[in-house]
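Q: Below are the C-alpha cells for one structure; questions will follow.
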Amino acid sequence: MKYEMQTEKGGMRKMNTREDAKQLLELVEEGTSPFHVTAWVERQLLAAGFEKLSMERDWGLDNGGKYYVVYNGSSLAAFTIGKRFTFGDAFRIGAAHTDFPGLRVKPSPEILKDGYRQLNVEVYGGAILNTWLDRPLSAAGRVVLRSKDVFHPEIRYLDIKKPFLTIPNLAIHLNRDMNKGVELNKQKDMLPVLGLEGEEKQEDFFLEFLADRLHVDKREILDYELGLYNGEPGCFLGMKEEFLSAPRLDNLTSVQAIVAGLLKGGRDRGVNAAVFFDHEEIGSRTKQGAGSMFLSAVLERILLAYGRGREKFLETFGESMLLSVDVGHALHPNQADKNDPTNKDVLGKGICIKESSSQSYATDSQAVAVMQQICEAAEVPYQKFVNRSDGTSGSTLGSIASSFLPVKTVDVGVPLLAMHSSRELMGTADQESLGRALEAFYSL
-15 MKYEMQTEKG
-5 GMRKMNTRED
5 AKQLLELVEE
15 GTSPFHVTAW
25 VERQLLAAGF
35 EKLSMERDWG
45 LDNGGKYYVV
55 YNGSSLAAFT
65 IGKRFTFGDA
75 FRIGAAHTDF
85 PGLRVKPSPE
95 ILKDGYRQLN
105 VEVYGGAILN
115 TWLDRPLSAA
125 GRVVLRSKDV
135 FHPEIRYLDI
145 KKPFLTIPNL
155 AIHLNRDMNK
165 GVELNKQKDM
175 LPVLGLEGEE
185 KQEDFFLEFL
195 ADRLHVDKRE
205 ILDYELGLYN
215 GEPGCFLGMK
225 EEFLSAPRLD
235 NLTSVQAIVA
245 GLLKGGRDRG
255 VNAAVFFDHE
265 EIGSRTKQGA
275 GSMFLSAVLE
285 RILLAYGRGR
295 EKFLETFGES
305 MLLSVDVGHA
315 LHPNQADKND
325 PTNKDVLGKG
335 ICIKESSSQS
345 YATDSQAVAV
355 MQQICEAAEV
365 PYQKFVNRSD
375 GTSGSTLGSI
385 ASSFLPVKTV
395 DVGVPLLAMH
405 SSRELMGTAD
415 QESLGRALEA
425 FYSL
C-alpha cells in the first residue's frame, strides 16, 4: 500500500507503509527498557547531527541548531531551532513515554523453593497478567556499581537478550475451572522460574548471574532497575500483512513516529521539540515523568540561552501546541459493545484523536480543529475516539504535562488491540499515518 505526500517544493514523495513499521520493529527489538528506548532515540539524533547538552551546564544555542538533553537515563528532550527564530515564536512539542507495563525485579530477589530457582518480582503498571504466562522472558535495564566518587556511581545498561525466564501456567487438569476465569495473585502466581537448584544452594544466584554478564565482582553491584520483557520478536500478520503484532507497541509506536516526524519536518520560525518521559504507566508524577518541571525547564532554558527571561517564555504559550502521542483503544471485533456507539476506531483506518469531557484526554474543540486541519493538509486519515459514558479507559500524559505547560494540547495515537498485553496488535498502515501527521505538525 502506498501513500503520497506533498513536499515543500511541490513534488510528490512516495510513502511505503511498511518502511515505518519496519523501523518500529527495530525499535521494539532494541527498546527493551526505558533506558534502552532513550538510548535508541539518542542514537537516531546523533546520526542526524544533533548536539548533546547537559542540564548542569550553560547552553550555547544558535538559529538552525539541533540539540538534545538526557535526564536520569530514561527521559529525553530534543529540539530544533528555526533559522529565522525570534522571541515569541511558538513551540511545537510532541510528547510520548518510554516505559511500558510489565514486571520489575525486586532487590534480593532470589527464591529457592522445591528444587526451583525463582525471582521475586513486582508488577509495573496495568499489565494484563495472564498474557505474561508461558512466554519466553528476558530482562533489561540498568545496574549501578560502586565508584570512587560516592555521589556519581557507575551506571551500566544491560540487556540479557536471550530469554532465560518463564512463568508457567497451571495445567487445566489441576484446575478444571481454569476456562471460567482465574484471578492471578501478583505475589504468588507471577514469580518466574529461571533454573533448577543444583547441589550447591547458592543464595545469591541472580546477583552472580548479573555480575557474570557485566564482568564485575558481585560485591560491586549496589542496586539495579531491571524489568522483564517478552522476548518474542514482532511480526506482520494478516492475509495482506495488514496487521503488526509485537510487544511494547504502547508506547514505542509514538516514540518512533515523533522521532521520524522531528527529523523529517522543519520550520524556519519557532522551535520544534520532542520529549520522551518515563513513568507514564505509573502516573507520571516523578522527577523524569510528565508531572515534573523537566519539559518546561528545557523550553525556558532555550530562551534563557538567547538572553531572554521567563516573561518571554510565558508569552509563547498562546501560539504553542503540544501533541500527547499515545495509543488508543481500537474496536474489538468480539467485544464491540465495549466502545462508544458512534465514535469507534478501527485498525488500519488512520490515527485516532482522543477526546474526553473529563479531560483524561487533554483535548478541546479548538485544539482538535487544528489537528484535523493538519491531518487534512497532509492527507492523513484520522478517526475520533471517545469513551463509553458508563466506562473509562485510562488517561495519558497530556493532561498532566499541559497542567505544567498550559498550551493547546491534543491526544493522538494509533489504535491498538490488546493494549497492555505482553504482546499487542495494530494496523500496519497506521504507523506511517502517525509519522506523516507528526511531520506535518512540525512543518506547517
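Quick note on our numbering: the sequence shown kicks off at -15 and runs consecutively. C-beta: ideal position from N, C-alpha, C; glycine also. All figures in this text were calculated on a predicted structure; none of them were measured in a lab.
#1: Would you grab the beta carbon distance between Asp161 and Leu400 for me? Rounded to a whole angstrom, and I think it's under 8 Å.
#2: In angstroms, rounded to a whole number, what distance separates the CA positions of Val128 and Ala195?
#3: Could I get the ranges of all uninterrupted alpha helix (DSSP H) runs contained in the segment 38 to 68, with 4 residues as the minimum, in chain order?
#4: Per DSSP, Ala257 forms a beta bridge with which residues?
#5: Below 8 Å, can you find three or more Cβ-Cβ pairs linking the segment 85 to 103 to the segment 170 to 185?
#6: With a floor of 3 residues, list each beta strand (DSSP E) that falls wholly inside the segment 304 to 372, ordered by position along the chain.
#7: DSSP beta-bridge partners for Gln433?
#8: Would you give the residue range spanned by the alpha helix (DSSP H) that Ile205 belongs to?
#9: Would you report the Cα separation of Ser133 and Pro91, rounded to the nearest angstrom?
#10: Going by DSSP, which residues form a beta bridge with Asp143?
#11: So, is Pro325 buried or exposed, given that buried needs 16 or more other C-beta atoms within 10 angstroms?
#12: Would Leu315 and Asn323 be called neighbours here (beta carbons separated by less than 8 Å)?
#13: Does the beta-carbon of Cys431 have 16 or more other beta-carbons within 10 angstroms, so that it is buried, or is it exposed?
#14: Can you look up Met277 in the DSSP assignment and give me helix, strand or coil?
#15: Quick check: the segment 41 to 53 against the segment 64 to 84, are there 3 or more CB pairs under 8 Å?
#16: Going by C-alpha to C-alpha distance, which of Cys219, Ser58 and Gly78 sits closest to Ile139?
#17: Compute the beta-carbon to beta-carbon distance between Ser386 and Ala346, rounded to the nearest angstrom, for a pair I have assumed lies under 8 Å.
#18: Please list the terminal residues of the continuous alpha helix (DSSP H) segment that includes Asp196.
#19: Using the rule of at least 16 other Cβ atoms within 10 Å of the residue's Cβ for burial, across every protein chain shown, is Phe425 buried or exposed?
#20: Rank Thr376, Arg420 and Leu96 by C-alpha distance to the C-alpha of Ser238 and give the top, closest one.
#21: Does the beta-carbon of Asn214 have 16 or more other beta-carbons within 10 angstroms, so that it is buried, or is it exposed?
#22: Exposed or buried, which one is Ala361 when buried takes at least 16 other CB atoms within 10 Å?
#23: Do you know offhand how far Val370's Cα is from Asp188's?
#24: Could you tell me which residues DSSP puts in a beta bridge with Glu429?
#25: Alpha carbon to alpha carbon, how far is Asn256 from Arg76?
#26: In the DSSP assignment, find the beta strand (DSSP E) that holds Glu408 and state where it starts and stops.
#27: Would you mind working out which of Ile266, Phe388 and Gln240 sits nearest Val282, comparing C-alpha positions?
#28: Buried or exposed for Gln319, going by 16 or more other Cβ atoms inside 10 Å?
#29: Let's test the definition: count the other Cβ atoms within 10 Å of the Cβ of Ile156 and tell me whether it reaches 16, buried, or not, exposed.
#30: Measuring alpha carbon to alpha carbon, tell me which of Ala274, Glu295, Glu299 and Leu298 ends up nearest Asp310.
#31: Starting from Gly245, follow the alpha helix (DSSP H) in both directions and report where the run begins and ends.
#32: I need the straight-line Cα distance from Tyr55 to Asp329, nearest angstrom please.
#33: Which residue marks the beginning of the beta strand (DSSP E) containing Gly382, and which one marks its end?
#34: What does the Cβ neighbour count give for Gly218, buried or exposed, with the cut at 16 atoms within 10 Å?
#35: For Ser405, which of helix, strand or coil comes out of DSSP?
A: Let me lay it out:
#1: Going by Cβ atoms, the distance from Asp161 to Leu400 rounds to 31 Å, so no, they are not a contact pair.
#2: 11 Å
#3: none
#4: Phe63 and Ile77
#5: yes
#6: 305 to 309, 335 to 339 and 366 to 370
#7: Here the chain comprises residues numbered -15 to 428, so residue 433 is not present and cannot be evaluated.
#8: Not the alpha helix (DSSP H): Ile205 falls in the beta strand (DSSP E), residues Ile205 to Asn214.
#9: The question names Ser, yet the displayed sequence has Asp at residue 133. Each residue's Cα considered, the two are about 23 Å apart.
#10: Ala124
#11: exposed
#12: yes
#13: Absent from the model: residue 431. The displayed extent of the chain is -15 to 428, so no value can be given.
#14: coil
#15: yes
#16: Ser58
#17: 5 Å
#18: Phe189 to Leu198
#19: buried
#20: Arg420
#21: buried
#22: exposed
#23: 50 Å
#24: With the chain covering only -15 through 428, there is no way to say anything about residue 429.
#25: 5 Å
#26: Glu408 to Gly411
#27: Phe388
#28: exposed
#29: exposed
#30: Ala274
#31: Leu233 to Lys248
#32: 35 Å
#33: First-last for Gly382: Gly382 to Phe388, but that is the alpha helix (DSSP H), not the beta strand (DSSP E).
#34: buried
#35: coil
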